[in-house]
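Chemist: Take this structure, written in structure tokens, and hold onto it; I'll ask about it next.
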Amino acid sequence: MDAMGGDLGPRSVVPACARFLIRFPQAELKLFGPRSQLHSLLIKQPPSVRERLELVDCAQVITQGCNPVQALRHKRESSMALALQSVASGNCAAMVTSGNTGALLALGRSILGTVEGVRRPALGKSLPTADGSCFMLDLGANIDCTAEDLVLFAHMGQEAQRVFSGKSELAVALLNIGAEEHKGTEEIRRAGKLLQADPVINYVGFVEGHDIFTGAVDVVVCNGLMGNVAMKSAEGVIRLIGQKTFTIDKKAPIKRFFGQLAINLLRKWRAQLEPGRYNGASFLGLTGNVIKSHGGASSEAFYRAMLTAKECAESDLAQQLGRAMALQSQQQTGCD
83 MDAMGGDLGP RSVVPACARF LIRFPQAELK LFGPRSQLHS LLIKQPPSVR
133 ERLELVDCAQ VITQGCNPVQ ALRHKRESSM ALALQSVASG NCAAMVTSGN
183 TGALLALGRS ILGTVEGVRR PALGKSLPTA DGSCFMLDLG ANIDCTAEDL
233 VLFAHMGQEA QRVFSGKSEL AVALLNIGAE EHKGTEEIRR AGKLLQADPV
283 INYVGFVEGH DIFTGAVDVV VCNGLMGNVA MKSAEGVIRL IGQKTFTIDK
333 KAPIKRFFGQ LAINLLRKWR AQLEPGRYNG ASFLGLTGNV IKSHGGASSE
383 AFYRAMLTAK ECAESDLAQQ LGRAMALQSQ QQTGCD
């Protein structure tokens with residue numbers, strides 16, 4: 083675990099690690115960060131946690147203001163870089179960080195490398211829908227994408243969703259400003275034509291933002307700008323609804339009455355849809371399992387990202403995706 087990323091840093095990471103180790107008695111974790119900043123938090127944890135939580139002292143930290151070039155040239159001994167190296171060497175099955183996305187992408191490509199056939203890794207995660215889940219990517223790693231990039235994302239998203247959902251037959255769609263074929267940018271329209279002709283993808287056309295959570299499709303593909311805005315807008319709306327739901331007007335007895343009747347059900351819904359519950363996006367296309375947590379993640383949210391990392395490690399997602407993409411690349415080469 084990279085303990086130094088995000089707004090809260092060790093204050094969210096250390097309690098999340100302790101909770102994870104208590105829940106999974108067979109698990110072992112490595113915590114990367116400056117010993118001087120982590121020691122006081124670690125000594126507060128019970129012995130059963132400390133003996134399975136190895137602290138790796140790191141001399142450097144990557145801040146949110148650090149650009150990718152600086153990270154590559156001057157931050158090779160940072161907590162993020164050393165955690166990635168631990169995954170690359172096989173000492174760790176997965177890593178989680180709330181740190182700088184650009185630096186993570188640059189260091190991830192340099193230290194881990196990308197799987198065969200992947201030009202651009204993408205951030206993706208499984209989101210709740212009306213009757214299941216939908217895997218969405220890219221969520222912020224790649225702002226400008228070509229049609230070919232979007233097709234590649236579709237293939238990676240399909241493989242990831244097979245792992246997360248257990249389904250073999252998946253419907254794949256492109257996120258657009260409308261469902262009509264003539265709408266959207268030239269690259270999105272061109273990607274639609276490429277996907278339509280792709281025999282490996284069950285492409286069902288364009289979808290709009292409100293379709294992401296209906297369960298109509300299993301994979302939604304977009305560039306990082308659209309994906310990040312869509313995801314964070316949805317999270318903001320969910321939080322607003324949660325706040326408004328529990329505001330009961332004291333001057334209106336009828337509202338108070340019905341509000342009290344509904345409050346238990348609404349609390350259950352809010353708990354199920356709380357954005358922090360679905361924290362943790364997989365960096366697909368890297369040769370190791372790398373999970374990106376929200377920069378502002380609470381301890382609860384970081385813990386959820388750790389659960390995603392555990393699922394990726396147990397399913398060997400990075401290796402599964404690598405094999406699938408390599409096979410596809412070889413088939414395309416053979417056809418050419």
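Each residue of the sequence shown is one higher than the last, beginning at 83 in this note's numbering. Glycine is no exception: its CB is placed at the ideal position from the N, C-alpha and C atoms. Only a predicted model underlies this, so the values are computations on that prediction, with no experimental measurement involved.
Could you please give the first and the last residue of the uninterrupted beta strand (DSSP E) stretch that includes K249?
Modeler: Unbroken run through K249: none, as it is neither H nor E.
Chemist: How about V233 and L276: do their beta carbons lie closer than 9 Å?
Modeler: Yes, the pair counts as a contact, with Cβ atoms nearer than the cut-off.
Chemist: Let me make sure I understand the geometry here. Which of A223, S215, G370 has the alpha-carbon closest to that of V299?
Modeler: Nearest C-alpha to V299: S215.
Chemist: Tell me the residue span of the alpha helix (DSSP H) that contains V151.
Modeler: Taken as a continuous stretch (DSSP letters only), the alpha helix (DSSP H) holding V151 covers 150-156.
Chemist: Using alpha carbons as the reference points, say which of G172, M218, F102, A223 lies closest to A185.
Modeler: Residue A223 is the option with its Cα nearest to A185.
Chemist: Rounded to the nearest angstrom, what separates I104 and V245 at their Cα positions?
Modeler: Roughly 26 Å between the two C-alpha positions.
Chemist: Which same chain residues, not among the five before or five after V96, have their C-beta less than 6 Å away from its C-beta?
Modeler: The answer, listed in chain order, is L123.
Chemist: Mind checking E241: buried by the 16 CB within 10 Å criterion, or exposed?
Modeler: Per the 10 Å Cβ criterion, buried.
Chemist: For the ligand ATP, I want to know if L124 counts as a neighbour, meaning its beta carbon is within less than 8 Å of at least one of the ligand's heavy atoms.
Modeler: For the structure depicted, the ligand ATP is absent and the ligand set is empty, with no information on it obtainable.
Chemist: Determine the DSSP secondary structure at L194, reduced to helix, strand or coil.
Modeler: Three-state result, L194: coil.
Chemist: Where does F384 sit, in a helix, a strand or coil, going by DSSP?
Modeler: It is helical.
Chemist: Quick one: grab the DSSP three-state call for N258.
Modeler: Correct three-state label for N258: coil.
Chemist: Check whether the Cβ atoms of A391 and G362 sit closer than 9 Å, and answer yes or no.
Modeler: Yes, they are a contact pair.
Chemist: Report the option in M407, G309, L120, H264 whose CA atom is closest to the CA atom of G287.
Modeler: It is H264.
Chemist: Considering only residues of the same chain and omitting the five flanking positions on each side of Q402, which have a CB-CB separation below 7 Å?
Modeler: Hits under 7 Å: E241, V245.
Chemist: First and last residue of the alpha helix (DSSP H) that includes F102?
Modeler: Unbroken alpha helix (DSSP H) run through F102: 92-105.
Chemist: Taking only the alpha-carbon atoms, compute the straight-line gap between A253 and F217 and give it to the nearest angstrom.
Modeler: Roughly 11 Å between the two C-alpha positions.
Chemist: In this structure, how does DSSP classify V303 when only helix, strand and coil are distinguished?
Modeler: V303: strand per DSSP, three-state reduction.
Chemist: Whole angstroms are fine: how far does the CA of G190 sit from the CA of V169?
Modeler: If I take the Cα positions, the gap works out to 10 Å.
Chemist: K275 lies in the beta strand (DSSP E); which residues open and close that run?
Modeler: Run containing K275: none in the beta strand (DSSP E); it sits in the alpha helix (DSSP H), 268-278.
Chemist: Would you mind stating whether R201 and D231 have Cβ atoms separated by less than 9 Å?
Modeler: Contact flag set, yes.
Chemist: Between which two residues does the alpha helix (DSSP H) holding V131 run?
Modeler: Run containing V131: 129-132, per the alpha helix (DSSP H) assignment.
Chemist: Going by beta-carbon coordinates alone, are P150 and A188 separated by less than 9 Å?
Modeler: It is a contact, given that the beta carbons lie within the stated cut-off.
Chemist: Classify L409 as buried or exposed, calling it buried when 16 or more other Cβ atoms lie within 10 Å of its own Cβ.
Modeler: Exposed, because fewer than 16 other Cβ atoms sit within 10 Å of the Cβ of L409.
Chemist: Starting from the C-beta of A204, find all residues in its chain whose C-beta is less than 7 Å away, skip the five residues before and the five after it, and write them out in chain order.
Modeler: Excluding sequence neighbours, A204 sits near L219, D220, A223, N224, F235, M238, L366, G367.
Chemist: Suppose the cutoff is 6 Å on Cβ atoms and the five residues either side in sequence are ignored; what does the same chain contact list for A312 look like?
Modeler: If we look at A312 and ignore the five residues flanking it on each side, its Cβ neighbours are G291.
Chemist: Please state the DSSP three-state secondary structure of Q142.
Modeler: Three-state result, Q142: strand.
Chemist: Along the chain, where does the alpha helix (DSSP H) containing V169 start, and where does it finish?
Modeler: 161-170 is the extent of the alpha helix (DSSP H) around V169.
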